[in-house]
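Student: This is the structure I have questions about; it appears just below.
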DNA sequence: ACTAGTGTACCATATAGATAGTGCACTAGT
DNA sequence: ACTAGTGCACTATCTATATGGTACACTAGT
């Protein structure tokens, strides 16, 4: 993994796992890799992964069976809410930033369209 | 000022000043407040403001006259480039985030429209 | 010459994040 | 009963931020 320095690594890993859940790459109730396996795969410290699991459980995204492992929530509704929250965060950040720079709705659409076309070419 | 904890304070202050320049709230070549004045106004440490000035100069946004003060760049072209870069950063973050969550162009437009309408009401 | 104001360079401290390592209680499978 | 694997708790160290404080060279205006 290549982490950037704009956010703590444990936050970035949390978002990775959340996206896996939202996009259906992990099923409801499925067991996650262990902290030690994740730590090895992502080349981070086991303590960092422990923090990730702690926070994910605190947010209700996962639940823990002591001595067994950590599992994705079984609530479809929670996953839906998670996706909605993540999308709203991104949208809000985008709109606030663009308004502060003096762009209006049409400017936003044009910039997005332009950017998507450029990506499609590459 | 109310700073959030998602980014270092000195970064947030840099963005404040950049926006002042981009939106024309500060003129080209205009003298900035001193580090001590900024520190008092924003209730941060003078050392933090010193770092802000250092980074802004490193990015070419400002220039320094030793013993006199720090001034906005006089290059209209640099300001234009700055605005473009900041906008592109925001747009790229938005698009990457939304694509990773499984949204397409039309979804993005709809979410932005919806969010703007909700803000207009409030 | 003097003074006030400027950026700048230090030193020290505190906190959050990340790393490294050890150990323990619990669980499932044998 | 035993063992491997699990989450979890602990201690320690390191770095980046942020704060608090002091001091110095430079500049403009008097």
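Chains as they are written, first to last, in the numbering used here: chain D, 1 to 122; chain A, 123 to 244. By construction, the Cβ of each residue, glycine as well, lies at the ideal position given by its N, Cα and C atoms.
1. Residue 112(D) to residue 185(A), Cα distance in whole Å?
2. Bridge partners for residue 194(A) per DSSP, in chain order?
3. Determine the direct distance from the alpha carbon of residue 70(D) to that of residue 51(D), and round the result to whole angstroms.
4. For residue 243(A), which residues in chain D fall below 9 angstroms Cβ to Cβ?
5. Can at least three beta-carbon pairs, one atom from the stretch 205-216 of chain A and one from the stretch 97-109 of chain D, be found at a separation below 8 angstroms?
6. In the DSSP assignment, find the alpha helix (DSSP H) that holds residue 5(D) and state where it starts and stops.
7. Would residue 220(A) count as contacting chain D if we go by Cβ distances under 9 angstroms?
8. How is residue 165(A) classed by DSSP in three states: helix, strand or coil?
9. What does a CB cutoff of less than 7 angstroms around residue 20(D) pick up in its chain, not counting 5 residues either side in sequence?
10. Just checking my contact of residue 157(A) with residue 136(A) at CB under 8 angstroms: how many whole Å lie between their CB atoms?
11. To be precise: take each residue of the stretch 67-94 of chain D, compare its Cβ to all Cβ atoms of chain A, and keep it if any distance is under 9 angstroms. Which residues remain?
12. Report yes if the C-beta distance between residue 44(D) and residue 237(A) is below 9 angstroms; otherwise report no.
13. Have a look at the DSSP bridge pairing and note the partners of residue 153(A).
14. Return the CA-CA distance between residue 29(D) and residue 74(D), expressed in angstroms with no decimal places.
15. Would you call the CB atoms of residue 164(A) and residue 183(A) closer than 9 angstroms?
16. Give me, in chain order, the residues of the same chain whose beta-carbon lies closer than 7 angstroms to that of residue 131(A); leave out the 5 immediate sequence neighbours on both sides.
17. For residue 109(D) versus residue 231(A), is the C-beta spacing smaller than 9 angstroms?
18. Where does residue 121(D) land, buried or exposed, given buried means 16+ other C-beta within 10 angstroms?
19. In this structure, does DSSP put residue 225(A) in helix, strand or coil?
20. Taking the alpha carbon of residue 102(D) as the reference point, which residue from 146(A), 226(A), 239(A) has its own alpha carbon closest?
Tutor: The short version:
1. Against the first chain, residue 112(D) aligns to sequence position 112. Against the second chain, residue 185(A) aligns to sequence position 63. When rounded, the distance between both Cα atoms is 33 angstroms.
2. As a first step, residue 194(A) is located in the second chain; it is residue number 72 there, counting from the start. In DSSP, residue 194(A) forms a bridge with 184(A).
3. Locating residue 51(D) in the first chain gives position 51, where the first residue counts as 1. Locating residue 70(D) in the first chain gives position 70, where the first residue counts as 1. Cα to Cα, residue 51(D) sits roughly 13 angstroms from residue 70(D).
4. The count along the second chain starts at 1 and reaches residue 243(A) at position 121. What residue 243(A) touches in chain D, judged by beta-carbon distance under 9 angstroms, is nothing: the nearest beta carbon there is about 14 angstroms away.
5. Contact between the stretch 205-216 of chain A and the stretch 97-109 of chain D is present, because at least three Cβ pairs lie under 8 angstroms.
6. In the first chain, counting from the first residue as 1, residue 5(D) sits at position 5. Residue 5(D) -> no alpha helix (DSSP H), and no H or E assigned at all.
7. Here residue 220(A) is taken as the residue at index 98 of the second chain, counted from 1. Judged by the 9 angstroms Cβ criterion, residue 220(A) is in contact with chain D.
8. Along the second chain, read from residue 1 onward, the residue named residue 165(A) stands at position 43. DSSP, read as helix, strand or coil, puts residue 165(A) in coil.
9. The residue labelled residue 20(D) in the question sits at position 20 within the first chain. 26.
10. Residue 157(A) sits at position 35 when you count from the first residue of the second chain. Residue 136(A) sits at position 14 when you count from the first residue of the second chain. Rounded, the Cβ-Cβ distance is 13 angstroms, inconsistent with contact.
11. The stretch 67-94 of chain D vs chain A, Cβ under 9 angstroms: 83, 86, 87, 88, 89, 90, 91, 92, 93, 94.
12. Here residue 44(D) corresponds to residue number 44 of the first chain, with the count starting at 1. Here residue 237(A) corresponds to residue number 115 of the second chain, with the count starting at 1. No.
13. What you label residue 153(A) is simply residue 31 of the second chain in a count that begins at 1. 193(A), per the DSSP bridge assignment.
14. Start at 1 with the first residue of the first chain, and residue 29(D) comes out as number 29. Start at 1 with the first residue of the first chain, and residue 74(D) comes out as number 74. Taking the straight line joining both Cα atoms gives about 5 angstroms.
15. What you label residue 164(A) is simply residue 42 of the second chain in a count that begins at 1. What you label residue 183(A) is simply residue 61 of the second chain in a count that begins at 1. The Cβ atoms of residue 164(A) and residue 183(A) do not sit closer than 9 angstroms to each other.
16. The count along the second chain starts at 1 and reaches residue 131(A) at position 9. For residue 131(A), the CB contacts under 7 angstroms within the same chain, skipping 5 residues up- and downstream, are 125, 166, 170 in chain order.
17. Reading the first chain from its first residue, position 109 is the one you call residue 109(D). Reading the second chain from its first residue, position 109 is the one you call residue 231(A). It is a contact, given that the beta carbons lie within the stated cut-off.
18. Taking the first chain and counting its residues from 1, one reaches residue 121(D) at position 121. Exposed, by the Cβ-count rule.
19. As a first step, residue 225(A) must be located in the second chain, where it is residue number 103. Looking at residue 225(A) - three-state DSSP - the assignment turns out to be coil, as it is neither helix nor strand.
20. In the first chain, residue 102(D) corresponds to position 102, counting from 1. Minimum Cα distance to residue 102(D) is reached at 146(A).
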